[in-house]
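Here the structure comes first, spelled out in structure tokens, and everything after it is commentary.
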Amino acid sequence: MSEVMYNSQRQQRVSKSNQIKPEKKREFDEAAIDCIITDGRPFGDFRRLGMAKFLNVICPGYRGPSRKTVRRRLGLVYHQYRQQLRETLAGVDAIAITVDIWTKNKISFICLTGHAFNKTYESIPLVLGFRRFYGPHRSKTIKKFILYELKQLKIEDKICAIVSDNCNDIKKAINDIKPGQRFSCIAHNINLVVKNGLGLWETSEKKKKQAPRTTTETFDYNSESENDARSDSYTIDVPEELEDEAISDNEHPSDTDGEPDDVNYTIEEESNVDVEDQAEDDTSDSGEEHSDEQLVQPENVQYLVRRLLKRIRSCIKNIRSTRAVYDYVKKKAKLNDPPIRSELITDFEIRWNTTFIMIDRFKTYRLITDDINSRPFKIGNISTTQQLKLGSKEFEFTNDDWCRITDLHTTLKPFFIATSIASAKGYPSLAAAYSASAVNHRFCQRYQSSAFISAGDASLITTHQNFQGNKEETLDKLALIGYINENDSYANSLYNIFRSGINTSSKISA
Numbered sequence: 001m002s003e004v005m006y007n008s009q010r011q012q013r014v015s016k017s018n019q020i021k022p023e024k025k026r027e028f029d030e031a032a033i034d035c036i037i038t039d040g041r042p043f044g045d046f047r048r049l050g051m052a053k054f055l056n057v058i059c060p061g062y063r064g065p066s067r068k069t070v071r072r073r074l075g076l077v078y079h080q081y082r083q084q085l086r087e088t089l090a091g092v093d094a095i096a097i098t099v100d101i102w103t104k105n106k107i108s109f110i111c112l113t114g115h116a117f118n119k120t121y122e123s124i125p126l127v128l129g130f131r132r133f134y135g136p137h138r139s140k141t142i143k144k145f146i147l148y149e150l151k152q153l154k155i156e157d158k159i160c161a162i163v164s165d166n167c168n169d170i171k172k173a174i175n176d177i178k179p180g181q182r183f184s185c186i187a188h189n190i191n192l193v194v195k196n197g198l199g200l201w202e203t204s205e206k207k208k209k210q211a212p213r214t215t216t217e218t219f220d221y222n223s224e225s226e227n228d229a230r231s232d233s234y235t236i237d238v239p240e241e242l243e244d245e246a247i248s249d250n251e252h253p254s255d256t257d258g259e260p261d262d263v264n265y266t267i268e269e270e271s272n273v274d275v276e277d278q279a280e281d282d283t284s285d286s287g288e289e290h291s292d293e294q295l296v297q298p299e300n301v302q303y304l305v306r307r308l309l310k311r312i313r314s315c316i317k318n319i320r321s322t323r324a325v326y327d328y329v330k331k332k333a334k335l336n337d338p339p340i341r342s343e344l345i346t347d348f349e350i351r352w353n354t355t356f357i358m359i360d361r362f363k364t365y366r367l368i369t370d371d372i373n374s375r376p377f378k379i380g381n382i383s384t385t386q387q388l389k390l391g392s393k394e395f396e397f398t399n400d401d402w403c404r405i406t407d408l409h410t411t412l413k414p415f416f417i418a419t420s421i422a423s424a425k426g427y428p429s430l431a432a433a434y435s436a437s438a439v440n441h442r443f444c445q446r447y448q449s450s451a452f453i454s455a456g457d458a459s460l461i462t463t464h465q466n467f468q469g470n471k472e473e474t475l476d477k478l479a480l481i482g483y484i485n486e487n488d489s490y491a492n493s494l495y496n497i498f499r500s501g502i503n504t505s506s507k508i509s510a
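Numbering follows full-length UniProt numbering, with no gaps: position 148 of the sequence shown is 148.
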């Protein structure tokens, strides 16, 4: 039969034989839409040329859903989810909610998540509302959104607690809705305690004096400075440890973990800043030998930490800004025994744990950093000016400097562990999060092996009390729900985990 057919007729016959059954196509379409939802893929992904060819190979005759089909199906799925959510919440007696607002690429979002127990007392998180947030983050607008979602789901009278960060507008909105039932997010509190207790970054007032802006800002010690920093945080490279978090999808990286721009020069603006920093260090280092013991006090430790971190950031940026230096460092890292697989990264303000990761990786690069500072002439294809800069005093880290870096690493590590516990995707129990915070406080009181660590711990304890210790009602509620005391076996076990995970050495041989 096929011998007497025209070529066009043969092609039509082949195409008809490749057609799949309607029920099978619906099954494939549902799987494709589920893939788009799960991975956050573009709606038209399964109609792109490469994907279409791939689908035709694994299932001849199948074409993925179009953008319009996906949009229509998502609308139906959304309404089904809302109806199912109402039915589920109807049988819930009490529910706690978390409120979060963030900005990415100048676009703000607000999310409302509910937390309730099932029959076996497992905590189940439920997305109650997720929308784009327009306009300023005013308390009235936040309050309106929360009340709208609660009324739509008919759970206004079932709210037992609301968790949020320390932004003043969110706090006011929640206190208007449920006075006395707001809990501060422990992960955010840890971020504030570390950032303010050790002075990891310059305060907003100092930044304003150095770089005046058209709008005025006021720094509130008890509120997070994230509102203005959120949109800028996505321009910084993200360590692998944090890639699974929401911040990982950065689209405009200026200092990514990949290859730097193919340049063989150091940026002028950065160079000017480095010259000023070096001049400042030269003047301050003149009496350093006599004043260091006096400086290592709780009231002065912030200055020492900030100055040390400033030098570390400047050194890393200088390495990453020049192709030849960057390649030299990568080569040395591969030849190291054992090879160093992680790259040097810079931190960003709204995630203090990136500062710990930056310090942790910088420690592993100690020999390489000292090598390029003492022998910059070994690096090929760089100018004399760049050699002088690499060998300058600013990038020379003495044994005392490395000891302080190690001490700072030791001080920060328990807080890094606590942050990992409190900010886990699986929503840890309040007992676990509160215990981690309490153990941090105990650790700062017990673990003191050097003057620098003691001063840092004292500053952290003071800041911790400012954020949590003076809020007796909140602490009483936390202690009631997540019971813990000085002799609690769970707290002691957490304390032992912290101790076992921390490098107790406060000195590194030269």
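By construction, the Cβ of each residue, glycine as well, lies at the ideal position given by its N, Cα and C atoms.
Worksheet item: Among Ala32, Gly114, Ala52 and Gly135, which residue has its Cα nearest to the Cα of Arg63?
Response: Ala52
Practice prompt. Can you tell me which of the three DSSP states Phe26 falls into?
Written response: Looking at the sequence itself, residue 26 is Arg, so the reference to Phe does not match. Three-state DSSP puts Arg26 in a helix.
Discussion item. For Thr98, list the residues DSSP reports as bridge partners.
Written reply: Thr113 and Val163
Discussion item. Once DSSP output is grouped into helix, strand and coil, what is the label at Val70?
Written reply: Residue state, collapsed to three classes: helix.
Discussion item. I'd like to check one pair, Asn196 with Thr463: are the Cβ atoms closer than 8 Å?
Written reply: yes
Worksheet item: Tell me which same chain residues have a C-beta within less than 6 Å of the C-beta of Ile316, skipping the five on either side of it?
Response: Leu344 and Thr346
Worksheet item: Quick one: Cα of Ser8 to Cα of Glu149, how far?
Response: 58 Å
Item to complete: Identify, in the order they occur along the chain, each residue of the same chain with its Cβ nearer than 8 Å to the Cβ of Asp281, setting aside the five sequence neighbours on each side.
Response: In this prediction, Asp281 scores a pLDDT of 47, lower than 50, which makes its location untrustworthy; no coordinate-derived value is stated.
Worksheet entry | Helix, strand or coil at Glu224 according to DSSP, with G and I counted as helix | Low confidence applies here, because Glu224 scores a pLDDT of 40, under 50, leaving its location unreliable and the question unanswered by this model.
Worksheet entry | Where the beta strand (DSSP E) containing Ile124 begins and where it ends | Ser123 to Phe133
Fill in: Residue(s) in a DSSP beta bridge with Ile107
Lys104
Worksheet entry | Residue interval of the alpha helix (DSSP H) (run including Ser374) | Arg366 to Ser374 is the span of the alpha helix (DSSP H), which, as asked, contains Ser374.
Discussion item. Among Lys154, Tyr81, Thr385 and Phe145, whose alpha-carbon lies nearest the alpha-carbon of Gly91?
Written reply: For Gly91, the closest alpha carbon among the candidates Lys154, Tyr81, Thr385 and Phe145 is that of Lys154.
Fill in: Closest by C-alpha distance to Glu129, when choosing among Arg86, Lys158, Cys160 and Ile107
Contrary to the premise, residue 129 reads as Gly rather than Glu in this sequence. Among Arg86, Lys158, Cys160 and Ile107, the Cα nearest to that of Gly129 belongs to Arg86.
Worksheet entry | Cα-Cα separation, Pro414 to Ile359 | 14 Å
Discussion item. To the nearest angstrom, how far is the alpha carbon of Val77 from that of Thr69?
Written reply: 12 Å
Fill in: Arg311 - containing beta strand (DSSP E), residue span
Per DSSP, Arg311 belongs to no beta strand (DSSP E); it is in the alpha helix (DSSP H), Val301 to Arg320.
Discussion item. If you follow the alpha helix (DSSP H) that Ser139 is in, where does it begin and where does it stop?
Written reply: From DSSP, the alpha helix (DSSP H) with Ser139 extends over Ser139 to Leu153.
Discussion item. Are the CB atoms of Ile177 and Lys143 within a distance shorter than 8 Å?
Written reply: yes
Fill in: Rounded C-alpha distance that separates Ala458 from Thr398
25 Å
Discussion item. Threshold first: 4 residues or longer. Then list the alpha helix (DSSP H) segments lying entirely within the segment 381 to 433, N to C.
Written reply: 384 to 390 and 399 to 422
Worksheet item: By DSSP, does Arg82 sit in helix, in strand, or in coil?
Response: helix
Worksheet item: Is Asp29 closer than 8 Å to Pro65 when the C-beta atoms are compared?
Response: yes
Fill in: 6 Å Cβ shell around Phe362 - same chain, five flanking residues per side excluded
Ile312
Worksheet item: For Val439, which option in Ser423, Ala418 and Ser450 has the closest C-alpha, if you only look at C-alpha atoms?
Response: Comparing alpha-carbon positions, the option among Ser423, Ala418 and Ser450 lying closest to Val439 turns out to be Ala418.
Worksheet item: What number of angstroms, rounded off, separates the C-alpha of Ile110 from the C-alpha of Ile453?
Response: 39 Å
Worksheet item: So is Phe46 buried or exposed if we call it buried at 16+ other beta carbons inside 10 Å?
Response: Phe46 is buried by the Cβ-count criterion.
Worksheet item: From Leu460 to Val193, what does the alpha carbon distance come to, in whole angstroms?
Response: Rounded to the nearest angstrom, the two C-alpha atoms are 6 Å apart.
Item to complete: For the beta strand (DSSP E) containing Phe54, list its first residue and its last residue.
Response: First-last for Phe54: Leu49 to Ile58, but that is the alpha helix (DSSP H), not the beta strand (DSSP E).
Worksheet item: What is the DSSP secondary structure of Arg41, reduced to helix, strand or coil?
Response: coil
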